[in-house]
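Start counting the sequence shown at 0; every next residue gets the next number (numbering that gives the first Met the number 0).
Here's the structure we're looking at; comments come further down.
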Amino acid sequence: MEHCYEAEPASRDGKYSATFRSALARDGFATIDGVGGRPAATTLYDMWKGAVSTFGREPALGHRSIGADGEVGVFSWRTYAEADDEAQAVGAFLVAQGLGPKDRAGILATNRPEWFITMQGCNRHSIYTVPLYDTLGADSVEYIMNHAEIGVVFVQAKAAPSLCDVAAKCPNLKAIVVYEGVPGKVQPPSGVRLLSYADAVLEGRKNSVDPNPPKPDDLCTIMYTSGTTGVPKGVLLTHRNVLSATAGIRVFLEKGGSPVKFGPGDSLISYLPLAHIFERVSEEFMLSVGGKVGYWQGEVPKLLDDIGLLKPTLFPGVPRIFERIYQGVQQKVAEGGCVKGILFRTAFRSKISAINRGYTSDTAGGLWDKIVFKSVKERVGGRVKLIVSGGAALAAHLEDFLRVTMCCPIVQGFGLTETCAASTIQIPDGGITMHYTVGPPLPSVDVRLEAVPEMGYLPSNDPPRGEVCLRGPAVFQGYYKMDKETAECFPDNDGWFHTGDIGQFQNCALKIVDRKKNIIKLAQGEYVALEKCEQVLSKCPLVGQIWIYARSTSNFLICVVVPQDKPLQAAAAELGVKGGGSMSTPELCAIPELSAHVTKELNKVARANGLKGFEIPRGVYLCPIAFSVDDDLLTPSFKLKRPQLLEHFKSEVDTLYRRLE
0 MEHCYEAEPA
10 SRDGKYSATF
20 RSALARDGFA
30 TIDGVGGRPA
40 ATTLYDMWKG
50 AVSTFGREPA
60 LGHRSIGADG
70 EVGVFSWRTY
80 AEADDEAQAV
90 GAFLVAQGLG
100 PKDRAGILAT
110 NRPEWFITMQ
120 GCNRHSIYTV
130 PLYDTLGADS
140 VEYIMNHAEI
150 GVVFVQAKAA
160 PSLCDVAAKC
170 PNLKAIVVYE
180 GVPGKVQPPS
190 GVRLLSYADA
200 VLEGRKNSVD
210 PNPPKPDDLC
220 TIMYTSGTTG
230 VPKGVLLTHR
240 NVLSATAGIR
250 VFLEKGGSPV
260 KFGPGDSLIS
270 YLPLAHIFER
280 VSEEFMLSVG
290 GKVGYWQGEV
300 PKLLDDIGLL
310 KPTLFPGVPR
320 IFERIYQGVQ
330 QKVAEGGCVK
340 GILFRTAFRS
350 KISAINRGYT
360 SDTAGGLWDK
370 IVFKSVKERV
380 GGRVKLIVSG
390 GAALAAHLED
400 FLRVTMCCPI
410 VQGFGLTETC
420 AASTIQIPDG
430 GITMHYTVGP
440 PLPSVDVRLE
450 AVPEMGYLPS
460 NDPPRGEVCL
470 RGPAVFQGYY
480 KMDKETAECF
490 PDNDGWFHTG
500 DIGQFQNCAL
510 KIVDRKKNII
520 KLAQGEYVAL
530 EKCEQVLSKC
540 PLVGQIWIYA
550 RSTSNFLICV
560 VVPQDKPLQA
570 AAAELGVKGG
580 GSMSTPELCA
590 IPELSAHVTK
600 ELNKVARANG
610 LKGFEIPRGV
620 YLCPIAFSVD
630 DDLLTPSFKL
640 KRPQLLEHFK
650 SEVDTLYRRL
660 E
């Protein structure tokens with residue numbers, strides 16, 4: 000079937016291209032249909048109650064218990080009915096604290112069953128949920144607590160002391176609820192209750208109240224972006240918004256010809272931050288079809304163990320996660336010797352060739368899947384039906400790697416917090432026309448491209464190019480208390496949200512080719528797309544992480560590279576660096592010959608992948624410490640925070656420019 004059609008023609012003046020809509024939305028945008036005679040769901044509360052009614056005895060939310068000896072057990076599960084009963088108690092507790100419709104409850108914790116249950120307790124009484132990333136610093140927590148006027152906040156134990164310190168500056172706060180129990184010697188400010196989650200649930204059970212459910216256009220959450228610049232912006236999302244995104248995914252998989260179906264017995268590993276809309280919608284989807292969500296222990300080194308035990312069938316991820324898997328496999332292949340290396344590369348070329356000729360994920364590999372790629376597939380549990388990449392652009396070499404090694408359909412999607420994550424997505428096993436794109440529109444949004452003439456992106460290009468604009472029931476209502484920023488995103492007052500991403504349409508699939516904001520104009524007048532260059536240069540085996548920077552008064556780029564340890568040691572040995580094999584990574588990074596070597600290797604990769612001369616960094620600073628969320632250099636979804644990186648590396652940037660100019 001054709002995946003989308005032109006819902007509206009292009010403008011006559013060439014300002015924007017035709018409006019594209021999913022073929023599945025010809026008769027209207029996606030909805031959650033009723034089951035067993037029940038009416039269709041119009042809110043997230045309706046959708047959850049429908050799931051509880053249908054799948055009440057099925058496992059829904061799981062976690063791994065920890066014994067008195069510290070040993071971690073198997074997953075234990077709350078059924079849908081048990082989770083709903085707990086959510087009723089949480090909702091009653093919130094009402095007893097004086098919260099009601101349009102009030103706000105915050106959640107500052109890593110993913111856990113209680114996170115989702117708290118959210119359902121809020122939905123039950125039309126209270127807005129305000130997630131806070133567990134990696135936020137005290138200043139950001141204080142800002143969001145006061146900006147959103149949070150009345151009750153649920154928090155993990157390790158964050159309770161710092162939150163109690165902040166609470167004295169939050170006049171709207173009435174209570175702090177600690178999920179694991181109140182840590183000793185923690186004192187809240189006067190007038191703020193401090194109690195355990197277990198006690199809050201017990202209070203709620205003793206004071207049961209009838210629900211005060213929301214309407215479709217009521218807010219369900221104020222979700223603060225993990226923005227790369229400025230203060231966080233509170234994205235206003237209604238029940239209709241999030242429900243539409245969830246419905247769009249369901250209709251896409253159930254009625255769009257997808258070979259992948261989900262229902263009872265399927266599972267999702269919850270490790271991406273629930274404070275991010277990508278994870279939130281993933282969980283809403285899985286629970287709407289009767290599947291279960293298993294929550295990780297909250298520690299990256301233990302994630303593979305959690306995955307191995309749960310064996311999820313749906314695995315969402317972001318490019319940074321897949322980059323780590325890719326680098327780990329490449330390292331093992333390199334360490335496996337000549338014969339294993341030849342076998343892996345032969346198998347890879349054979350399978351990618353078959354995929355490009357139209358074979359599907361379960362027919363392209365043949366014996367190669369059993370003798371070469373099985374071990375890679377086991378890294379994500381061995382039962383995955385579908386891998387979804389979102390949050391940022393997936394580099395072409397990573398997409399090829401995943402298609403070949405994971406032995407299941409791989410799809411890349413596109414969306415933002417402002418569009419509930421799910422706007423477009425590739426068709427599973429949809430053929431080569433889907434490759435390196437983000438797919439056609441989901442049946443919850445319309446997509447069109449608007450001209451950006453100063454950058455040469457026009458709907459009259461072949462294929463048509465322009466800024467990606469989205470409209471539909473999944474698009475947000477605006478930014479909380481930020482009318483100016485809201486108006487900038489809806490400049491024409493016609494409902495079209497301007498994303499800032501540059502896209503092109505090819506064979507009904509959208510491809511993101513650039514970004515308006517991360518464009519730098521060099522002194523000689525050339526425009527450089529920084530993200531594109533970083534994506535290409537990340538293919539270099541020496542590169543673990545890379546940040547590219549350019550001064551507008553200069554005519555060349557520089558970059559900071561966090562190198563891969565073992566390839567850097569191998570380069571030191573190749574260059575004959577005395578004692579290189581026994582040096583630490585910080586010692587190796589300080590050697591000028593290695594910086595020059597990395598610069599040359601980046602140049603080779605750049606030339607091989609078609610970058611122009613002015614797009615290739617002239618100088619490199621080797622940094623031995625990885626960019627991290629904790630250092631405020633990455634967002635929780637692993638995007639580079641460019642202003643913070645510039646401030647952090649100001650001295651190194653200045654030194655490079657003095658040396659090279």
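Every residue gets a Cβ at the ideal spot worked out from N, C-alpha and C, and that includes glycine.
The model shown is predicted, which means the values in this text are computed figures rather than measured ones.
- With 16 or more neighbouring CB atoms inside 10 Å of its own CB, P562 falls in the buried class.
- Residue state for T128 is assigned as strand, using DSSP reduced to three classes.
- For A528, the beta-bridge partners assigned by DSSP are I518.
- Counting only the Cα atoms, V403 lies some 36 Å from D32.
- Using a 10 angstroms sphere on the CB of E298, the tally of other CB atoms stays under 16, which defines it as exposed.
- Beta-bridge analysis with DSSP links K510 to Q503.
- Taken in chain order, the unbroken stretches of alpha helix (DSSP H) that lie wholly in the segment 25-88 and span 4 residues or more are 43-54.
- Within the segment 222-300, the runs of alpha helix (DSSP H) at least 4 residues long that lie entirely inside it are, in chain order, 238-254 and 276-287.
- With contact defined as three or more Cβ pairs closer than 8 Å, the segment 234-243 and the segment 145-155 are not in contact.
- DSSP places T584 in the helix class (H, G or I) of the three-state scheme.
- Counting C-beta atoms within 10 angstroms of its own C-beta, D133 has 16 or more neighbours from the protein chains shown and is therefore classed as buried.
- Between I126 and L93, the gap from beta carbon to beta carbon is short of 8 Å.
- Pairing E334 with E573, the inter-Cα distance amounts to about 16 Å.
- The beta carbons of L252 and V259 sit about 6 Å from each other, so the pair counts as a contact at 8 Å.
- Per DSSP, I370 has no beta-bridge partner at all.
- The continuous alpha helix (DSSP H) containing L601 extends over residues P591 to A607.
- The Cβ atoms of K214 and V191 do not sit closer than 8 Å to each other.
- Here Q155 is not bridged, per DSSP, to any residue.
- Of the candidates P8, C419 and R464, the residue whose Cα lies closest to the Cα of V474 is C419.
- For Y196, no beta strand (DSSP E) segment is defined; the enclosing uninterrupted segment is the alpha helix (DSSP H) at Y196 to K205.
- Taken through DSSP and simplified to helix, strand or coil, I426 comes out as coil.
- Bounds of the beta strand (DSSP E) holding C468 are R464 to R470.
- Contact check for A88 against G203 passes: the beta carbons are separated by less than 8 Å.
- The continuous beta strand (DSSP E) containing V561 extends over residues I557 to P562.
- With a cutoff of 8 Å on beta-carbon distance, L541 and L509 are scored as not near each other.
- When secondary structure is reduced to three states using DSSP, D445 falls in the strand class.
- Judged by DSSP secondary structure, S360 falls outside any beta strand (DSSP E); it is assigned neither H nor E.
- Counted as a single uninterrupted DSSP element, the alpha helix (DSSP H) harbouring P318 occupies residues P318 to E334.
- Here DSSP, grouped into helix, strand and coil, assigns L639 to strand.
- As computed with DSSP, R103 is found in a beta bridge with Y127.
- With a cut-off of 8 Å on Cβ pairs, the segment 133-143 is not in contact with the segment 312-332, counting fewer than three such pairs.
- Using a C-beta cut-off of 8 Å, the segment 586-602 makes no contact with the segment 514-533, since fewer than three inter-stretch Cβ pairs fall below that distance.
- In the structure shown, R192 falls within a strand segment according to DSSP collapsed to helix, strand and coil.
- In the pairwise beta carbon analysis, the segment 406-421 is classified as touching the segment 271-281: at least three pairs are separated by under 8 Å.
- Of N602, Q329 and D305, the smallest CA-CA separation from G61 is found for D305.
- Taking one beta carbon from each stretch, the segment 107-116 and the segment 49-67 have 3 or more pairs nearer than 8 Å; the two touch.
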